[in-house]
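Residue numbers (the working numbering), protein chains in the order written: chain A, 1 to 385; chain B, 1001 to 1385.
Just so you know, even glycine gets a beta-carbon here, dropped at the ideal spot from N, CA and C.
Computed from a predicted structure; not experimentally measured.
As structure tokens, the structure follows; a few thoughts come after it.
Protein chains: 2
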Amino acid sequence: MTAIATAEYEARFEQARALMRAREIDAMVVTAEANLLYFAGHAPQLYVSPTRPWFVVLPLAAEPVAVIPTMGLADMRRDSWIERFETWASPRPQDEGVSLLATVLLALPRRFGAIGFELGAEQRLGMPIADFTRLCEGVAPALVAVDAAPIVRALRIRKSAAEVALIGAAIGAAQAAFDALPGLARVGTSETTLYRAFQAEALLAGADRVPYVAIASGPGGYDSGVRGPMQRCLDVGDVLGVDTGATVGGYWADFNRNLALAPVPAAARTAHARLWQAQEAALAMLRPGVRAADVWQALAGALPAASTSIGRMGHGIGLTYTEPPSIHPDDTTVLEAGMVVTLEPSLDYALDGGRRFMVLEEDLLVTTDGPRLLTRRAPGELPVI
Amino acid sequence: MTAIATAEYEARFEQARALMRAREIDAMVVTAEANLLYFAGHAPQLYVSPTRPWFVVLPLAAEPVAVIPTMGLADMRRDSWIERFETWASPRPQDEGVSLLATVLLALPRRFGAIGFELGAEQRLGMPIADFTRLCEGVAPALVAVDAAPIVRALRIRKSAAEVALIGAAIGAAQAAFDALPGLARVGTSETTLYRAFQAEALLAGADRVPYVAIASGPGGYDSGVRGPMQRCLDVGDVLGVDTGATVGGYWADFNRNLALAPVPAAARTAHARLWQAQEAALAMLRPGVRAADVWQALAGALPAASTSIGRMGHGIGLTYTEPPSIHPDDTTVLEAGMVVTLEPSLDYALDGGRRFMVLEEDLLVTTDGPRLLTRRAPGELPVI
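In structure tokens, the structure reads:
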């Protein structure tokens, strides 16, 4: 379902090779769903099952090899630009592809003796650790496992036009669901009902999946930006926050919208306006060469001081729901054209003797001309129905 | 969103402790979404983001501790029966919860010096391997990491009444989507459209998520039981296969249905009848004490010999889409009351000089009285519209 050209996969492979050469690695093995999609152009739907691992080997001095369960061969052969496949009859718990992968790795041209795996920050290895250990010990006499996460990060952090288009398609589907929200969010509707209806709207508008819908409501404000729905029903005077992650071709949209059911307290209107203005401040300074930490400072500088206790206020999006960089005071990543990041300021506000929370999120592409919003900008004033 | 009582979580913890004692383990650490749900009763929606790991520590001689990012505290405190929390301000890539987890582990009563982690078959560790290695090395002088997968397997393989009810709810939502299929599957409808509409139907019927929809169609038969949709549009004479994984409260349904658009070749009708009869043969012999391999033999014995090249023909379901046991000739697991498994025979058949594929899947609970179907049995004859 991806719309990425073979030439782009070949270019990714060559870029990976350049980084492998610089780091003295003979091959990379990727197993995570996002990395299978990124390098091979195919990840099986069956990835949701932990029974079978899927390996793609990217050698410095040989063509890529997919080492996969036999049952996935036909689909991957059709979808992937990779031409060499090695398969085993899975499930076979006593040797779930491990010896086959070792054979493929040991047959590769050897220059440095090191193989890269997804070991480092923000990576999850798509195989049991016991199998990974057995692979390393079996392979150990000749090969050493090293971290390929920096290579994955370096490649994936900047998006191509085709990737931006897929993120844009996911954003479009999510936007259609947000557009339907005022018609769905009536007094008496439960968060759970909204949660299901929101997903259905996004799917029917073209999302492949809607794996994330945070939804929270409450009188004059809500209390969480990340929780799932509760049985609570909407009432007059509520503020509703919905945040979604929807995908097209594996690429994620991540943004949220707020909606109030009149009458709305001034504190909620003010909170929304402050978040919107904080984003304006960030949009005004965001360009290549600025650091992620600088963007965080721009957001934080426009918010009440107490709000800046919130850790990060945005992050990269792409083949995972969140990925580098983090819009965080400690992240010194220098923004470059092609990065796609969210701006996600949040704050607490006082109301009726309690605290309420609000977040506002947009997605943008960093270009040489500055930020290009991929989301349709939320209105400056909190929408009320 | 789970409907599991606190007493059941406490009982799971006590059962885990008994197995930990037998295996001489001082504590287990779980990180996978399914295991967080199983032991703590809460996994964050944000689990889709790989930025932040989530740890639950289950000690032999102390109360459980959730070691989680601060932002997840309020939600987990509300949803989980666990009462002790340790948090860190994530993201913090230089120390993403590792030192905090080590502190918690080192403070536990120590009897054996071993800590169990999700290392073995069908497990995925929910943290970067580099962090796991750093944890083990930091903890190494005092503690040794051992495999807790056998404990997880032993507990999760038999389902409680509450778990069966959640699986049943997921099945009900998926069944509603299958019931809508004849109205959706018209000549000219694309697989992609059906794929989205099917998900939407299941959601609106009560599924929390529909993470898996395999869909394939073709003249007189289809060619894959696991692929995603293609742009292909349905035509007269097609056979359509749809297989889904839908969840409620984290628990999965997994079954499929076949549908033909008249006229249907006799070979497709025969294939469906054979699969249905193979399931009848398995249902007739399936009871506690029978091995998973015996069920496979019952299915295989009722199918043309060539079909038995298919590896497994069913598997457990629960908090993951597939889990032990495998209905596979090599799986000697003895079935017990409380196990929930699928019966998923498949076969190839010849048509117009080519090969077609068909699969038929039902979900059942093993009881002392024999199998109890959780799915509404597919009709014996291939449905035609």
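Problem - Beta-carbon proximity check, Leu347(A) vs Met358(A), cutoff 8 Å - result: Within the first sequence, numbered from 1, the residue matching residue 347(A) stands at position 347. Within the first sequence, numbered from 1, the residue matching residue 358(A) stands at position 358. Yes.
Problem - Closer than 8 Å to chain B by CB, Ala50(A) - result: To locate residue 50(A), count along the first sequence from 1; it is residue 50. For clarity, residue 50(A) is Pro in the given sequence; the question names Ala instead. Cβ-Cβ to chain B under 8 Å: yes for Pro50(A).
Practice task
Indicate the three-state DSSP secondary structure (helix, strand or coil) for Met1001(B) in the structure shown.
Solution key: Numbered from 1 along the second sequence, position 1 holds the residue referred to as residue 1001(B). Below a pLDDT of 50, predicted positions are generally treated as unreliable, and Met1001(B), at 43, falls in that range; no measurement from the model is reported.
Problem - beta strand (DSSP E) runs contained entirely in the region 39-114 of chain A, provided each spans 3 or more residues - result: Here the runs fully enclosed are 55-59, 65-69, 84-88.
Handout entry: Inter-residue CB distance, Ala165(A) and Gly206(A) (contact presumed, cutoff 8 Å)
Key = Translated into the one-based positions of the first sequence, residue 165(A) becomes position 165. Translated into the one-based positions of the first sequence, residue 206(A) becomes position 206. Not confirmed; about 13 Å, so no contact.
Practice task
Find out if the Cβ-Cβ distance for the pair Ala281(A), Ala298(A) is shorter than 8 Å.
Solution key: Within the first sequence, the letter at position 281 stands for residue 281(A). Within the first sequence, the letter at position 298 stands for residue 298(A). Yes, Cβ-Cβ distance for Ala281(A) and Ala298(A) is below 8 Å.
Exercise for the section: Please state if the CB of Asp238(A) and the CB of Gly218(A) are separated by a distance shorter than 8 Å. Expected result: The residue labelled residue 218(A) in the question sits at position 218 within the first sequence. The residue labelled residue 238(A) in the question sits at position 238 within the first sequence. Cβ atoms of Gly218(A) and Asp238(A): closer than 8 Å.
Exercise for the section: Within the same chain, show all residues whose beta-carbon is closer than 7 Å to that of Met1001(B), passing over the 5 residues directly before and after it, in chain order. Expected result: Position 1 of the second sequence, counted from the first residue, corresponds to residue 1001(B). No answer about Met1001(B) holds up, because its pLDDT of 43 lies below 50 and its placement is not dependable.
Handout entry: Whole runs of the beta strand (DSSP E) within the region 307-333 of chain A, excluding any shorter than 3 residues
Key = Complete beta strand (DSSP E) runs here, min 3: 323-326.
Exercise for the section: Could you have a look at Glu1191(B) and say whether DSSP puts it in helix, strand or coil? Expected result: Along the second sequence, read from residue 1 onward, the residue named residue 1191(B) stands at position 191. In the structure shown, Glu1191(B) adopts helical secondary structure according to DSSP, grouped into three states.
Problem - Ranges of the beta strand (DSSP E) found wholly within the region 119-174 of chain A, counting only runs of at least 3 - result: Segments of the beta strand (DSSP E) lying fully in the region 119-174 of chain A: 144-147.
Handout entry: Below-8 Å beta-carbon distance, Leu1204(B) vs any chain A residue
Key = Counting from one through the second sequence, the residue named residue 1204(B) turns up at place 204. In terms of beta-carbon proximity, Leu1204(B) lines the interface with chain A, with at least one pair separated by less than 8 Å.
Practice task
Assign Glu137(A) to buried or exposed, taking buried as 16 or more other Cβ atoms, counted over all protein chains shown, within 10 Å of its Cβ.
Solution key: Position 137 of the first sequence, counted from the start, is the residue given in the question as residue 137(A). By the neighbour-count definition (other C-beta atoms within 10 Å, threshold 16), Glu137(A) is an exposed residue.
Handout entry: Ala1066(B) and Ser1080(B) closer than 8 Å at C-beta
Key = Start at 1 with the first residue of the second sequence, and residue 1066(B) comes out as number 66. Start at 1 with the first residue of the second sequence, and residue 1080(B) comes out as number 80. For Ala1066(B) and Ser1080(B), yes; Cβs fall inside 8 Å.
Practice task
Compute the Euclidean distance between the alpha carbons of Leu261(A) and Thr1320(B), then round it to the nearest angstrom.
Solution key: If you number the first sequence from 1, residue 261(A) lands on position 261. If you number the second sequence from 1, residue 1320(B) lands on position 320. Cα-Cα distance, rounded: 38 Å.
Practice task
Would you please state the rounded distance, in angstroms, between the beta carbons of Ala1185(B) and Gly1220(B)? I believe it to be under 8 Å.
Solution key: Within the second sequence, numbered from 1, the residue matching residue 1185(B) stands at position 185. Within the second sequence, numbered from 1, the residue matching residue 1220(B) stands at position 220. Taking 8 Å as the upper bound for CB-CB distance, Ala1185(B) and Gly1220(B) are not in contact here, some 16 Å apart.
Exercise for the section: Kindly give me the distance between the Cβ atoms of Leu1351(B) and Pro1265(B), rounded to whole angstroms, as I take these residues to be in contact under 8 Å. Expected result: As a first step, residue 1351(B) must be located in the second sequence, where it is residue number 351. As a first step, residue 1265(B) must be located in the second sequence, where it is residue number 265. About 6 Å; that satisfies the 8 Å criterion.
Exercise for the section: In angstroms with no decimal places, state the Cα-to-Cα distance between Ala145(A) and Ile115(A). Expected result: Start at 1 with the first residue of the first sequence, and residue 145(A) comes out as number 145. Start at 1 with the first residue of the first sequence, and residue 115(A) comes out as number 115. Between Ala145(A) and Ile115(A), the C-alpha separation is close to 5 Å.
Handout entry: Beta carbon of Ala1246(B) nearer than 8 Å to that of Ala1216(B)
Key = Locating residue 1246(B) in the second sequence gives position 246, where the first residue counts as 1. Locating residue 1216(B) in the second sequence gives position 216, where the first residue counts as 1. No.
Problem - Residue of Pro150(A), Tyr222(A), Ala337(A), Met71(A) minimising C-alpha distance to Gly354(A) - result: Walking along the first sequence from the start, residue 354(A) turns up at place 354. Closest in C-alpha terms to Gly354(A), from the list Pro150(A), Tyr222(A), Ala337(A), Met71(A), comes Tyr222(A).
Exercise for the section: Would you please verify whether the beta carbon of Ala200(A) is less than 8 Å from any beta carbon of chain E? Expected result: Included in the structure are the protein chains A and B, with no chain E among them.
Problem - Span of the alpha helix (DSSP H) around Leu343(A) - result: By 1-based counting over the first sequence, the position of residue 343(A) is 343. In the DSSP assignment, Leu343(A) falls outside any alpha helix (DSSP H) and within the unbroken beta strand (DSSP E) covering 340-343.
Handout entry: Member of Thr189(A), Asp294(A), Leu303(A), Ala214(A) whose CA lies at the smallest distance from the CA of Asp235(A)
Key = Locating residue 235(A) in the first sequence gives position 235, where the first residue counts as 1. Relative to Asp235(A), the option among Thr189(A), Asp294(A), Leu303(A), Ala214(A) whose CA is nearest is Thr189(A).
Practice task
Going by CA-CA distance only, name the one from Ala40(A), Ile4(A), Ala89(A), Ala292(A) that's closest to Ala16(A).
Solution key: Taking the first sequence and counting its residues from 1, the one referred to as residue 16(A) is at position 16. Of the candidates Ala40(A), Ile4(A), Ala89(A), Ala292(A), the one whose C-alpha sits nearest the C-alpha of Ala16(A) is Ala40(A).
Problem - DSSP bridge partner residues for Glu1362(B) (one or two, in chain order) - result: If you number the second sequence from 1, residue 1362(B) lands on position 362. Glu1362(B) pairs with Leu1343(B).
Problem - Contacts of Pro1091(B) in chain A (Cβ-Cβ under 7 Å) - result: By one-based count along the second sequence, residue 1091(B) stands at place 91. Neighbours of Pro1091(B) on chain A, chain order: Gly311, Arg312, Ser326, His328.
Handout entry: Rounded straight-line distance, which links the Cα of Ala11(A) to that of Val290(A)
Key = As a working note, residue 290(A) is residue 290 in the first sequence. As a working note, residue 11(A) is residue 11 in the first sequence. Whole-angstrom Cα-Cα distance: 27 Å.
Problem - Three CB pairs or more closer than 8 Å across the region 1071-1089 of chain B and the region 1118-1127 of chain B - result: Note that the region 1071-1089 of chain B does not touch the region 1118-1127 of chain B; fewer than 3 beta-carbon pairs, one per stretch, sit closer than 8 Å.
Problem - C-alpha gap between Gln1045(B) and Thr192(A), whole angstroms - result: In the second sequence, residue 1045(B) corresponds to position 45, counting from 1. In the first sequence, residue 192(A) corresponds to position 192, counting from 1. If you take the alpha carbons of Gln1045(B) and Thr192(A), they lie about 14 Å apart.
Handout entry: DSSP state of Val29(A) mapped onto helix, strand, coil
Key = Position 29 of the first sequence holds residue 29(A). The answer is strand: DSSP assigns Val29(A) an E or B state.
Problem - Residues bridged to Pro219(A) [DSSP beta-bridge criterion] - result: Locating residue 219(A) in the first sequence gives position 219, counting from the first residue. Residue pairing by DSSP puts Pro219(A) in a beta bridge opposite Asp238(A).
Exercise for the section: Determine whether the Cβ of Met1(A) lies closer than 8 Å to any Cβ atom of chain B. Expected result: Position 1 of the first sequence holds residue 1(A). For Met1(A), the predicted model reports a pLDDT of 43, less than 50, meaning its position is unreliable; a value from the coordinates is still stated below. It does; some Cβ of chain B falls within 8 Å.
Handout entry: Beta-carbon neighbours of Tyr1212(B), restricted to chain A and to distances below 7 Å
Key = For the purposes of this step, residue 1212(B) is identified with residue 212 of the second sequence, where counting begins at 1. When 7 Å is used as the limit between beta carbons, Tyr1212(B) is near these residues of chain A: Gln45, Val48, in chain order.
Exercise for the section: Determine the chain B residues that contact Thr270(A) at a beta-carbon separation under 9 Å, and present them in chain order. Expected result: Locating residue 270(A) in the first sequence gives position 270, counting from the first residue. Listed along chain B, no residue sits closer than 9 Å to Thr270(A) by beta-carbon distance, the nearest being about 23 Å off.
Practice task
Run the CB neighbour count on Val334(A), radius 10 Å, all protein chains shown included, and call it buried at 16 or more, exposed below.
Solution key: Taking the first residue of the first sequence as position 1, residue 334(A) is located at position 334. Taking every protein chain shown into account, the CB of Val334(A) has fewer than 16 other CB atoms within 10 angstroms, so this residue is exposed.
Exercise for the section: List the whole-angstrom C-beta distance separating Pro379(A) from Leu286(A), where the pair is believed to meet the contact cut-off of C-beta under 8 Å. Expected result: Mapped onto the first sequence, residue 379(A) falls at position 379. Mapped onto the first sequence, residue 286(A) falls at position 286. With a Cβ gap of about 21 Å, Pro379(A) and Leu286(A) do not count as contacting.
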